[in-house]
Amino acid sequence: MPGVKACGRCGASLQLGAVAISVCPPRASAWAKWWRRRFWWSRVNWRHISETIDDLLLGRGVRQYPTWQVMVRMVVPGWPYFYRGNRIRGWAFLGTFLGLAPLALGTLGTVLGSIFLGLAVAVHASSVLDVVIAETRQSRARLTYAVICLAGVGLAVYWPLGYLAGAWTVPRQITADLPPFARGDVVLFSPGLYALRAPQPGDVVLYEVPSARVAGRYAGRAANYAIQGQRIDRVVAGPGEHVSIQGGKLLVDGKPSSYLPLDVARMPGALDVQVPAGFYAILPTTALREGMSLQGLDWQRVSLVPAHQILGRVYLRHWPWYRLSLF
93 MPGVKACGRC GASLQLGAVA ISVCPPRASA WAKWWRRRFW WSRVNWRHIS
143 ETIDDLLLGR GVRQYPTWQV MVRMVVPGWP YFYRGNRIRG WAFLGTFLGL
193 APLALGTLGT VLGSIFLGLA VAVHASSVLD VVIAETRQSR ARLTYAVICL
243 AGVGLAVYWP LGYLAGAWTV PRQITADLPP FARGDVVLFS PGLYALRAPQ
293 PGDVVLYEVP SARVAGRYAG RAANYAIQGQ RIDRVVAGPG EHVSIQGGKL
343 LVDGKPSSYL PLDVARMPGA LDVQVPAGFY AILPTTALRE GMSLQGLDWQ
393 RVSLVPAHQI LGRVYLRHWP WYRLSLF
C-alpha cells in the first residue's frame with residue numbers, strides 16, 4: 093500500500109538508499125489511452141495467442157523447431173547445414189543436387205530427363221525433411237513443419253521455375269523421320285517469345301499446319317491425303333510480302349531470300365502467293381513424308397499460316413547430344 097516502508101509478511105525494507113520505493117502501479121499516459129481507444133488491436137495479447145496456437149499445433153511441453161533463419165535457407169539444398177556449421181552434410185545434399193540438375197536439363201523431354209529431374213527434386217525435398225527432423229523433437233511438430241517447409245520451398249522455388257519453363261523452354265519430341273529431324277530428336281521452343289514480339293522471317297517455329305485435304309502424288313501415283321497437326325519449319329515471309337519460286341529459287345518481293353525452308357529438297361517447283369495481313373508464309377516441307385508431293389494450288393493453301401497458329405519459336409535441338417544444333 094502507498095506509504096508502507098516494510099513488507100508485512102517478511103519485514104523486508106521497501107526503501108533503498110533512504111529513498112522510498114514506489115509501490116503505486118504506473119498509469120497510462122493520455123497518448124497511450126487515446127491510442128488504445130482508436131486501435132483496438134493494440135490491446136490484443138498477440139504473444140499469448142501465438143503461444144496458444146503453437147500449443148495446439150505442436151503439443152505442450154518444451155518446443156524445439158527450426159528458426160526462420162534456417163527455414164529461409166531451405167530454398168537451396170544443404171544451405172541450412174552450412175549455416176549451422178555442418179559442412180559435410182551440406183555438401184552431400186548440395187553436391188548431389190548440382191550433379192543431377194545439369195543431367196536433368198541436358199536430357200529434358202526424354203524419359204531419362206524425367207528420372208533425373210525427379211531425383212533432383214527428391215534430393216531437395218530430402219534435405220528439407222532432414223533439417224526438420226534434426227530441429228524438432230515431437231511428432232506433431234515434425235509433421236507440421238515438414239508440410240510448412242515443403243510448401244514454402246515449392247511456392248518459392250519450383251512454382252516460379254515451372255512458370256518460367258512453361259513460358260520459355262518447352263521440350264517437344266519428334267515422332268517421325270522428317271528431315272532435318274530424325275525420330276527421337278528433342279527440340280526446345282519458346283511459347284512466350286511471341287507475346288513480346290511478332291514472328292520474323294527466318295524464325296524456325298512450331299505451328300499448326302492449316303488443315304486441308306489435298307490431291308498430290310505418293311510414290312509416283314496420284315493420292316489424296318490430309319495435312320494437319322503440328323509441324324516445325326522456317327518463316328519465309330511476313331504479312332504484306334510477296335513470295336514466289338522461280339527456277340528453284342525462293343524470291344520475296346522479287347529478291348532472292350536467304351530464309352529457306354528446313355528441307356529445301358521438298359520446296360515446290362513453282363509458287364506465287366501474296367501474304368495477307370495477319371498471316372505468315374511457312375512452306376511445310378517437314379510436313380511431307382518421303383515420296384509425297386503437292387500441286388501448286390495446294391501449296392498456297394497450306395503455306396499461309398494465321399498468326400494465332402504459330403505456337404512458339406524453336407531455338408535448339410538438344411537431344412541427342414551429338415546432333416546438338418541451334419536454329
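Using the working numbering, you'd call the opening residue of the sequence shown number 93 and step up by one each time. Backbone N, C-alpha and C fix where the C-beta goes; we use that ideal spot for every residue, glycine too.
Which listed residue (the options) has its alpha carbon closest to that of residue i
i	options	result
Arg275	Thr377, Trp411, Gly294 and Ile319	Trp411
Ser336	Asp325, Ser349 and Ile324	Ser349
Thr440	Val167, Arg409 and Ala373	The first residue shown for the chain is 93 and the last is 419, placing residue 440 beyond what the model contains.
Asp325	Val164, Asp295, Thr228 and Ala243	Asp295
Met163	Phe189, Arg179, Ile240 and Val297	Ile240
Ala399	Val327, Leu192 and Val223	Val327
Gly191	Arg393, Asp355 and Pro169	Pro169
Ile319	Gly210, Leu416 and Val394	Val394
Arg358	Tyr351, Val167, Val365 and Gly340	Gly340
Val215	Phe189, Ser121, Ala233 and Ala193	Phe189
Pro263	Arg232, Leu200 and Tyr407	Leu200
Leu36	Val167, Ala233, Val223 and Ala268	Shown here, the chain extends from 93 to 419; a query on residue 36 therefore has no answer.
Ile266	Thr159, Gly321, Ala193 and Ala257	Gly321
Gly244	Pro353, Pro283, Ala193 and Arg165	Arg165
Leu354	Gly246, Leu256, Phe419 and Gln230	Phe419
Ser219	Ala193, Leu186 and Pro283	Leu186
Val424	Val365, Gln338, Ala369 and Pro271	For residue 424 there is no data in the structure shown, the boundaries of the chain being 93 and 419.
Where residue i sits in the DSSP three-state scheme
i	result
Gln265	strand
Val406	strand
Gln392	helix
Leu375	coil
Pro398	strand
Phe185	helix
Val297	strand
Val335	strand
Leu288	coil
Val168	coil
Leu418	strand
Trp411	strand
Leu149	The predicted position of Leu149 is uncertain, since its pLDDT is 48 and thus under 50; a value taken from the coordinates is nonetheless stated next. Helix at Leu149.
Contact set for residue i: own chain, Cβ-Cβ below 7 Å, skip 5 residues either direction
i	result
Leu221	Ala238
Leu285	Gly404 and Arg405
Tyr414	none
Ala196	Gly205, Phe208, Leu209 and Ala212
Opening and closing residue of the alpha helix (DSSP H) in which residue i lies
i	result
Ser349	It is not in any alpha helix (DSSP H) - Ser349 carries neither H nor E in the DSSP assignment.
Phe174	Trp171 to Arg176
Asp222	Val203 to Glu227
Ser231	Ser231 to Val245
Leu363	First-last for Leu363: Leu363 to Gln366, but that is the beta strand (DSSP E), not the alpha helix (DSSP H).
Val162	Trp160 to Val164
Ala357	Premise fails: Ala357 is in no alpha helix (DSSP H) and is neither H nor E.
Pro252	Trp251 to Trp260
CB contact flag (residue i, residue j, <9 Å)
i	j	result
Phe273	Gly404	no
Val278	Thr378	no
Pro376	Arg323	yes
Pro291	Ile207	no
Val297	Gly330	no
Tyr351	Pro293	yes
Val224	Arg234	yes
Leu242	Ala259	no
Close-in-space but distant-in-sequence residues of the same chain around residue i (CB under 6 Å, 5 per side omitted)
i	result
Arg181	Tyr173
Trp391	Pro360 and Leu363
Leu149	Here Leu149 scores only 48 on pLDDT, less than 50, and its place in the model should not be relied on; the value that follows carries that caveat. Counting only Cβ-Cβ distances below 6 Å, and skipping sequence neighbours, we find Thr236.
Leu343	Ser336
Glu333	Val344, Asp345 and Val367
Ala248	Val167
Val365	Val335 and Gln392
Spatial neighbours of residue i in its chain, beta-carbon cut-off 8 Å, leaving aside the 5 residues before and after
i	result
Val397	Tyr299, Glu300, Val301, Pro302, Phe371, Tyr372, Ala373 and Ile374
Trp123	none
Ala184	Gly170
Where the beta strand (DSSP E) containing residue i begins and where it ends
i	result
Ala329	Gln322 to Ala329
Leu200	Element bounds for Leu200: n/a, residue is neither H nor E.
Leu270	Counting along the chain, Leu270 falls outside any beta strand (DSSP E), and DSSP gives it neither H nor E.
Val278	Val278 to Ser282
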